[in-house]
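Going by numbering that gives the first Met the number 0, the first residue of the sequence shown is number 0, and it counts up by one from there. The beta carbon of each residue, even a glycine, is placed where N, CA and C say it ideally should be. Owing to the predicted nature of the structure, the values given are computational and were not obtained by experimental measurement. Everything below concerns the one structure shown next.
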Amino acid sequence: MLFINLFYLGVFCLVALFIFNLFLFKNKLLLKTICIFLLLHVALVAFISIEQHRFKINLSKSIFMDDGESYSGNGWQISTALTNAIPDLSSIAQMRGIHVVDRCLGLKQYYDKYISKKVILSAREYEVGYISYFYAIIYAAYGFKPVLINFLNIMLHLFTAIIIYQSVNVIFNKRAAYLAALFFLLNPVAFYYASTKLQESLFIFIVYLSIYCFLMIIKKKNYGYIFLIPPLFYVIYAFIKTQYFFPLVITFTLSSVIILFQKNKIILFILSLFILFAISTKYTDAPEKIKNFTGNMLIKSVERQRAFYNSEGINYQLYLSDKNPKDYTLTDWVSYVSSGWYHMLNEPILSDKLSLKLLLLYPYKLIFLFLCILAVAGILMALRYGYIDAIIFVCLLVVVGSSIAIFSGNIGSVLRHRNLVVPVIFIFSSFYISKLLPDNGPTSKC
0 MLFINLFYLG VFCLVALFIF NLFLFKNKLL LKTICIFLLL HVALVAFISI EQHRFKINLS
60 KSIFMDDGES YSGNGWQIST ALTNAIPDLS SIAQMRGIHV VDRCLGLKQY YDKYISKKVI
120 LSAREYEVGY ISYFYAIIYA AYGFKPVLIN FLNIMLHLFT AIIIYQSVNV IFNKRAAYLA
180 ALFFLLNPVA FYYASTKLQE SLFIFIVYLS IYCFLMIIKK KNYGYIFLIP PLFYVIYAFI
240 KTQYFFPLVI TFTLSSVIIL FQKNKIILFI LSLFILFAIS TKYTDAPEKI KNFTGNMLIK
300 SVERQRAFYN SEGINYQLYL SDKNPKDYTL TDWVSYVSSG WYHMLNEPIL SDKLSLKLLL
360 LYPYKLIFLF LCILAVAGIL MALRYGYIDA IIFVCLLVVV GSSIAIFSGN IGSVLRHRNL
420 VVPVIFIFSS FYISKLLPDN GPTSKC
């Protein structure tokens, strides 16, 4: 089984090299960069597969155990039930690397409780979701070849880098575009997660593809991209968590209003009158619903933080005290959200319970914080020189970033989830750096 997966991994790599050559034949510098990182990703997946192959009974003993293995294992279980291809216990043992749904269960208990009874897990269950059903389709079609899922995430990750390059090039310049893509690829946290079976690569790809479509509509007047945004948002709605989906909607709405105000104030004035009339009429309670929804989300976030902090995991404390969140004042909420941002940008440097793995990220964090400072300068420079279309990235950072900061709850989650907005920091820091470099820099020909 291991050698079969490694063989497919090699074949996928060759196919991907051919695809990227077709897409990027006019941009040799970006092509070389993408191909180098493709080979690095493939090497990591091969190493992960070999390491996981050592564990015949319980994959939870592997150092590469994460929620992505849960999605994959559950997907494999669903596929066997749907296709009626129920293997025997010895076959499962030979496959190795099968995730045990309950990490305390042994392989035989797992088989007796789930596999032999053809149990199809609900998408609402923890560590299942719709992504497991997507994985089930892959396994049903191609058999148990988990490297296919790893490779899909790698491709999504690398195409996201290309989309970031294209988006930044549309707004700023080629030098900033290349640096932003390079910083995105060099991010060690995103690099690792993109090589696993986690669903973050899919989220990030769809979000930045949606932003690219938005920019092509606003900047290039290519209105055909309008038809791509609804299905992309539907996928986001189906897969991503509620507390992140609605901030994304707010991000696109707010940036649209700001750009519209800048480019056509008359249309915005008419639109504003219509909106004010709609929300002021007695026939709608939209403002109250929005207020209640926001309040409930904030209260749930406090409860989530408290639950994480009281658990045995590696957590950080965001909630202010044991005060009931329903009694929080505006000052309390401002302090709470500010604390969330502080932890999101500083973890894992500052924490009560640092692990060795997190300490290894210390140099990365210092560089990251330096880029955060440059990003602030880049945002101010972009606003000063009238790059109004870049407001979509600013809104994404502020709105979605705040949601991630207050909902993640533990260091592992915040490192993973913040990859949704970290590219924005790379984009604006790259823009600032590009303005400091001479015009005849190496990226001027890319």
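Measure the alpha-carbon distance for residue 39 versus residue 33 and round it to whole angstroms.
-> Within the sequence shown, residue 39 is the residue found at index 40, counting from 1. Within the sequence shown, residue 33 is the residue found at index 34, counting from 1. Rounded to the nearest whole angstrom, the C-alpha separation of residue 39 and residue 33 is 10 Å.
Specify, as a first and last residue, the run of the alpha helix (DSSP H) that residue 123 falls within.
-> Numbered from its first residue, the sequence shown carries residue 123 at position 124. Careful: residue 123 lies outside any alpha helix (DSSP H) and carries neither H nor E.
With distances taken from CA atoms, which of 248, 385, 16 is nearest residue 35?
-> Within the sequence shown, the letter at position 36 stands for residue 35. Of the candidates 248, 385, 16, 16 places its Cα closest to the Cα of residue 35.
So is residue 304 buried or exposed if we call it buried at 16+ other beta carbons inside 10 Å?
-> Mapped onto the sequence shown, residue 304 falls at position 305. Per the 10 Å Cβ criterion, buried.
Take every Cβ of the stretch 68-83, pair it with every Cβ of the stretch 120-137, and state whether three or more of those distances are shorter than 8 Å.
-> yes
In its own chain, which residues sit with a C-beta less than 8 Å from the C-beta of residue 222, not counting the 5 before and 5 after it?
-> The sequence position of residue 222 within the sequence shown is 223, counting from 1. Cβ within range, chain order: 216.
CB contact flag (residue 394, residue 250, <8 Å) | Taking the sequence shown and counting its residues from 1, the one referred to as residue 394 is at position 395. Taking the sequence shown and counting its residues from 1, the one referred to as residue 250 is at position 251. Yes.
Proximity winner among 46, 143, 4, 162, relative to residue 23 (alpha-carbon distances) = Residue mapping note: residue 23 aligns to position 24 of the sequence shown, counting from 1. Residue 162 holds the alpha-carbon nearest to the alpha-carbon of residue 23 among 46, 143, 4, 162.
Is residue 210 buried or exposed, if buried means 16 or more other CB atoms sit within 10 Å of its CB?
-> As a first step, residue 210 must be located in the sequence shown, where it is residue number 211. With 16 or more Cβ atoms within 10 Å of its Cβ, residue 210 is classed as buried.
Can the beta-carbon of residue 120 be found closer than 8 Å to that of residue 73?
-> Taking the first residue of the sequence shown as position 1, residue 120 is located at position 121. Taking the first residue of the sequence shown as position 1, residue 73 is located at position 74. In this structure, residue 73 lies closer than 8 Å to residue 120 by Cβ.
Anyone know if the C-beta pair for residue 160 and residue 429 falls short of 8 Å?
-> On the sequence shown, position 161 is the one that residue 160 refers to. On the sequence shown, position 430 is the one that residue 429 refers to. Not in contact: residue 160 and residue 429 (Cβ atoms no closer than 8 Å).
Count the other CB atoms within 10 Å of the CB of residue 377; is the residue buried (16 or more) or exposed (fewer)?
-> As a first step, residue 377 is located in the sequence shown; it is residue number 378 there, counting from the start. It counts as buried.
Nearest residue (CA-CA) to residue 346, options 424, 411, 3 = Working through the sequence shown from its first residue, we reach residue 346 at position 347. Of the candidates 424, 411, 3, the one whose C-alpha sits nearest the C-alpha of residue 346 is 411.
Cut-off 7 Å between Cβ atoms - residues of its own chain near residue 108, not counting five sequence neighbours on either side = Locating residue 108 in the sequence shown gives position 109, counting from the first residue. Nothing listed; no residue qualifies.
Enumerate in chain order the residues of its own chain whose CB-to-CB distance from residue 212 is below 6 Å, with the five nearest sequence positions on each side excluded.
-> Within the sequence shown, residue 212 is the residue found at index 213, counting from 1. Excluding positions up to five away in sequence, the list reads 224, 227, 228.
For the alpha helix (DSSP H) containing residue 66, list its first residue and its last residue.
-> The residue you call residue 66 lines up with position 67 of the sequence shown. Taken as a continuous stretch (DSSP letters only), the alpha helix (DSSP H) holding residue 66 covers 66-82.
Measure the CB-CB distance between residue 192 and residue 418 and report whether it falls below 8 Å.
-> If you number the sequence shown from 1, residue 192 lands on position 193. If you number the sequence shown from 1, residue 418 lands on position 419. Yes, Cβ-Cβ distance for residue 192 and residue 418 is below 8 Å.
Grouping DSSP H, G and I as helix and E and B as strand, with all else coil, what is residue 444?
-> Translated into the one-based positions of the sequence shown, residue 444 becomes position 445. Any reading at residue 444 needs caution, since the residue's pLDDT is 45, under 50, leaving its predicted position unreliable; the model's value is listed next. Helix, per DSSP.
Cβ pair residue 336, residue 405 closer than 8 Å = For the purposes of this step, residue 336 is taken as the residue at position 337 of the sequence shown. For the purposes of this step, residue 405 is taken as the residue at position 406 of the sequence shown. Yes, Cβ-Cβ distance for residue 336 and residue 405 is below 8 Å.
Collapsed DSSP secondary structure at residue 116 in the structure displayed | Along the sequence shown, read from residue 1 onward, the residue named residue 116 stands at position 117. Three-state result, residue 116: coil.
Tell whether a beta-carbon distance below 8 Å holds between residue 206 and residue 170.
-> The residue given as residue 206 occupies position 207 in the sequence shown. The residue given as residue 170 occupies position 171 in the sequence shown. Going by C-beta atoms, residue 206 is not nearer than 8 Å to residue 170.
Which value, in whole angstroms, describes the spacing of the CA atoms of residue 443 and residue 26?
-> Counting from 1 along the sequence shown, the entry for residue 443 is found at position 444. Counting from 1 along the sequence shown, the entry for residue 26 is found at position 27. Confidence in residue 443 is poor, its pLDDT being 47 and thus under 50, which makes the residue's placement unreliable; the coordinate value appears in the next sentence. Going from the Cα of residue 443 to the Cα of residue 26 covers about 11 Å.
State the start and end residues of the unbroken alpha helix (DSSP H) segment that holds residue 343.
-> Residue 343 sits at position 344 when you count from the first residue of the sequence shown. Per DSSP, residue 343 belongs to the alpha helix (DSSP H) from 329-345.
Grouping DSSP H, G and I as helix and E and B as strand, with all else coil, what is residue 194?
-> Locating residue 194 in the sequence shown gives position 195, counting from the first residue. Coil.
Can you name the start and end residues of the alpha helix (DSSP H) that residue 4 belongs to?
-> Residue 4 sits at position 5 when you count from the first residue of the sequence shown. From DSSP, the alpha helix (DSSP H) with residue 4 extends over 1-22.
Euclidean distance between Cα positions of residue 167 and residue 426 = By one-based count along the sequence shown, residue 167 stands at place 168. By one-based count along the sequence shown, residue 426 stands at place 427. When rounded, the distance between both Cα atoms is 7 Å.
Beta-carbon gap between residue 446 and residue 177 smaller than 8 Å = The requested residue 446 is not part of the displayed model; the chain covers only 0 to 445.
Exposed or buried, which one is residue 295 when buried takes at least 16 other CB atoms within 10 Å?
-> Counting from 1 along the sequence shown, the entry for residue 295 is found at position 296. Classification of residue 295: exposed, given that the 10 Å Cβ count is below 16.
Please list, in chain order, all residues of the same chain as residue 400 whose beta carbon is under 6 Å from its beta carbon, the five residues on each side excluded.
-> For the purposes of this step, residue 400 is taken as the residue at position 401 of the sequence shown. The answer, listed in chain order, is 420.
For residue 325, name the three-state secondary structure that DSSP assigns.
-> Numbered from 1 along the sequence shown, position 326 holds the residue referred to as residue 325. Of the three classes helix, strand and coil, the one that applies to residue 325 here is helix, per DSSP.
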